[in-house]
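Peer 1: Note that this note's numbering numbers the sequence shown so that position 246 is 259, with each residue one more than the last.
Glycine residues also receive a C-beta, built at the ideal position from the N, C-alpha and C atoms.
Predicted model, so just to flag it, every value in this text is computed and none were measured.
First, the structure itself, so that you have it in front of you.
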Amino acid sequence: MAMRTFQNWLESQNLKEHVKNPNIEVGDFSYYSGFYHSKSFEDQAVRYLLGDASTQDEWHSGQFGEVDRLHIGKFCSIASGATFMMAGNQGHRLDWVSTFPFSEDVFGQDVKNGFLRAGDTVVGNDVWIGSEAMIMPGVKIGDVAVIGARAVISKSVDAYTVVVGNNIVIKQRFDEETVTLLLELRWWDWPLEHIQGAMKWLCSGRIDELERYYLENVRGLAYVRATQKTLIILTLLVTGFRSRLSSFSPLKPSTPVCRC
């Protein structure tokens, strides 16, 4: 009997430590709980994406060209059986007479490749995706959204939105002004020590206290880091400019100089 990926329903996979497909990008602390479907995140949850263990040769050959990618942000919770459908339209063209993906070796040289990209699938930060939810190709899910169990998401979802069924929006988690504030705070991008320091407020509804913590502890640090980054860029630009100046040869004494 094969070893199960998950030994019990309490176990989860830290995605950043387990994902191998170069076409999947995952942020810190995001996890997959897959006990009830046995397989790992890549084997169960991600479908039709080149670059996995079974399509390494096809991916490296480049025969399929550029493919859609899957981006998952930080602190995302993905429940057992959730599925990301990839590979664009998978070769099925609704605007052609037939949707069948004909192959040239069987049907001749007039066959055309019907594949169309859908664009990257993007999951924001702190998103909770319920059991057996299905995310269709090219969908963008905003930060801190909630996707209900067995929902089918075929169009993009706004930040802090709760969605169930077939793209049915139940509610916004907070009013528009609060959502704007929370998206400005972007707690998931804070240094770990400040996420730990703000845990009391992250595990509560006290958004006012979270904002206070940000103003007192994080905002100044963010400003300093932005300033440091700007200085580094300016230094590189100045260094490059000086290097270009030094490459010019000085005028020789015999070179005529215009005195107009």
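Identify whether Y61 lies in helix, strand or coil by the three-state DSSP scheme.
Peer 2: On the sequence shown, position 48 is the one that residue 61 refers to. It is coil, neither helix nor strand.
Peer 1: Apart from the five residues just before and just after S43, which ones in its own chain have a Cβ nearer than 8 Å to its Cβ?
Peer 2: As a working mapping, residue 43 is identified with position 30 in the sequence shown. Contacts found: N27, L28, K29, I85, G86, K87, F88, C89, S90 and I91.
Peer 1: Tell me which residue opens and which closes the alpha helix (DSSP H) that E278 is part of.
Peer 2: Nothing in the structure corresponds to residue 278, since the chain is present only between 14 and 273.
Peer 1: Return the bridge partner residues of L83 from the DSSP annotation.
Peer 2: Counting from 1 along the sequence shown, the entry for residue 83 is found at position 70. DSSP lists I37 and T134 as partners of L83.
Peer 1: What does DSSP give as the partner residues of M149 in its beta bridges?
Peer 2: Numbered from 1 along the sequence shown, position 136 holds the residue referred to as residue 149. None; M149 has no bridge partner.
Peer 1: Whose C-alpha, out of A172, G155, M147 and V152, is nearest the C-alpha of G161?
Peer 2: Here the question's residue 161 lines up with position 148 in the sequence shown. Among A172, G155, M147 and V152, the Cα nearest to that of G161 belongs to M147.
Peer 1: State the beta-bridge partners of T96 as determined by DSSP.
Peer 2: To locate residue 96, count along the sequence shown from 1; it is residue 83. As a beta-bridge residue in DSSP terms, T96 pairs with M147.
Peer 1: May I ask you to report which of helix, strand or coil DSSP gives V157?
Peer 2: What you label residue 157 is simply residue 144 of the sequence shown in a count that begins at 1. In this structure, V157 counts as coil in the three-state DSSP scheme.
Peer 1: How many angstroms separate the CA atom of K52 from the CA atom of V59?
Peer 2: Indexing the sequence shown from 1 puts residue 52 at position 39. Indexing the sequence shown from 1 puts residue 59 at position 46. Spanning the two alpha carbons is a distance of roughly 11 Å.
Peer 1: Assuming the contact rule is C-beta atoms closer than 8 Å, H105 and G127 should be a hit. Round their C-beta distance to whole Å, please.
Peer 2: On the sequence shown, residue 105 is found 92 positions in, with the first residue counted as 1. On the sequence shown, residue 127 is found 114 positions in, with the first residue counted as 1. The pair is a contact, with the Cβ atoms about 7 Å apart (cut-off 8 Å).
Peer 1: Quick one: using the 10 Å Cβ neighbour count with 16 as the cut-off for buried, is V124 buried or exposed?
Peer 2: Position 111 of the sequence shown, counted from the first residue, corresponds to residue 124. Exposed is the call here.
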